[in-house]
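Here the sequence shown is numbered in UniProt numbering, starting from 1 and rising by one per residue. Each residue gets a CB set at the ideal place from its N, CA and C atoms; glycine is no exception.
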Amino acid sequence: METKDRNDLIQYGLALVKEGLTFGSGGNLSVRSDDSKGFFITPSGMAYDCLKKSDLVRMDLEGNIIGGLRKPSSEWHMHAAIYRARPDIRALIHCHSHYISAFSTLGEDLGPISYLIASAGTASVPLAPYETFGTDALAQSAVKAMGERSKAVILANHGLIAGGRNLKEALSLTRDLEFCAFMYMTALATQKPIQMIPEEKMNEVIEKLKTYGQ
Ligand SMILES: [Zn+2]
1 METKDRNDLI
11 QYGLALVKEG
21 LTFGSGGNLS
31 VRSDDSKGFF
41 ITPSGMAYDC
51 LKKSDLVRMD
61 LEGNIIGGLR
71 KPSSEWHMHA
81 AIYRARPDIR
91 ALIHCHSHYI
101 SAFSTLGEDL
111 GPISYLIASA
121 GTASVPLAPY
131 ETFGTDALAQ
141 SAVKAMGERS
151 KAVILANHGL
161 IAGGRNLKEA
171 LSLTRDLEFC
181 AFMYMTALAT
191 QKPIQMIPEE
201 KMNEVIEKLK
211 TYGQ
C-alpha cells in the first residue's frame with residue numbers, strides 16, 4: 001500500500017500541473033498512511049516531473065519526520081493539523097489555482113453558486129482568515145474555518161486545501177471548486193446581482209451526492 005500511496009502522490013501531482021491547477025513545484029499533496037498514525041507528503045520545492053518515490057516524506061501526525069531524506073512541503077503543519085482534526089479525511093491537495101486564489105481576496109465564503117459546491121459536503125466553502133504560509137497559525141486558521149463537515153477550506157489571499165477519502169476525491173473536489181470560483185468571478189465581473197441556489201435545494205444536492213456514482 002505504501003508503494004501505491006507514493007505512486008499516487010506523484011501521479012496526482014502531475015495531474016495538478018497538467019490540468020492547470022498549479023505549475024512548477026507549486027502546491028502540495030499528502031495521503032494518510034494505512035495505520036492512520038501519519039501521512040506521506042510531497043517534498044518542499046521540487047517539480048512534480050522530477051519526483052521519485054524516495055523523495056516523498058513520511059511524517060507522524062505531530063509533524064515529526066519518520067521517513068525520507070527530503071524536507072517536507074512547507075505546508076506540513078496544515079496537512080498534519082487537518083488529519084488530527086478530521087479522521088474522515090485521508091488525502092489532501094493544496095494549490096493556488098487561478099480563480100480560487102482570486103476569489104480568496106474577497107473576504108467571504110464561497111456560496112452556493114452551483115450545485116457542485118456541495119461536493120465539499122456543505123452549502124458553502126468557508127474562508128480561513130489570512131496567516132503567513134507555512135506557519136502553525138495558518139494550520140490553526142484552516143482547521144477552525146473548516147469545522148467538522150466541510151471537506152475544503154479557502155485560505156484568504158492564498159489558495160485552497162481540499163480533502164477526501166483518497167486523492168481521486170481530493171482532486172475532483174479541487175476541480176469542482178476551481179470551476180465554482182470561475183463561475184463566481186466571471187459573474188461578478190458583469191456587476192449584476194448574483195443569484196445563489198436556495199439552502200433547501202443545496203441540502204437536497206448534499207443528500208443526493210452521498211449516493212452518486214458507481
Ligand atoms: Zn500555498
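Please report the straight-line C-alpha distance between S166 and V31, rounded to a whole angstrom. Note that residue 166 corresponds to Asn in the displayed sequence, not to Ser. Roughly 7 Å separates the two Cα atoms.
Taking C-beta to C-beta, are C180 and I113 nearer than 8 Å? yes
For residue 260, does the count of other Cβ atoms within 10 angstroms reach 16, so buried, or fall short, so exposed? No answer is possible for residue 260: the residues shown for the chain start at 1 and end at 214.
Assign F103 to buried or exposed, taking buried as 16 or more other Cβ atoms, counted over all protein chains shown, within 10 Å of its Cβ. buried
Should H79 be listed as close to ligand 1, given that the test is whether its C-beta is under 7 Å from any heavy atom? no
Do P126 and M146 count as a contact pair if the criterion is CB distance below 8 Å? yes
Measure how close the beta-carbons of G38 and I10 come, nearest whole angstrom, since I'm counting them as under 8 Å. Not a contact, Cβ separation roughly 19 Å.
Give the range of the alpha helix (DSSP H) segment to which A162 is assigned. Looking at the DSSP string, A162 is not in any alpha helix (DSSP H); the run it does join, the beta strand (DSSP E), is G159 to G164.
For D60, write down the residues that DSSP places opposite it in a beta bridge. G38
Indicate the three-state DSSP secondary structure (helix, strand or coil) for S101 in the structure shown. helix
Closer than 7 Å to a non-hydrogen atom of ligand 1 - does that hold for the CB of E75? yes
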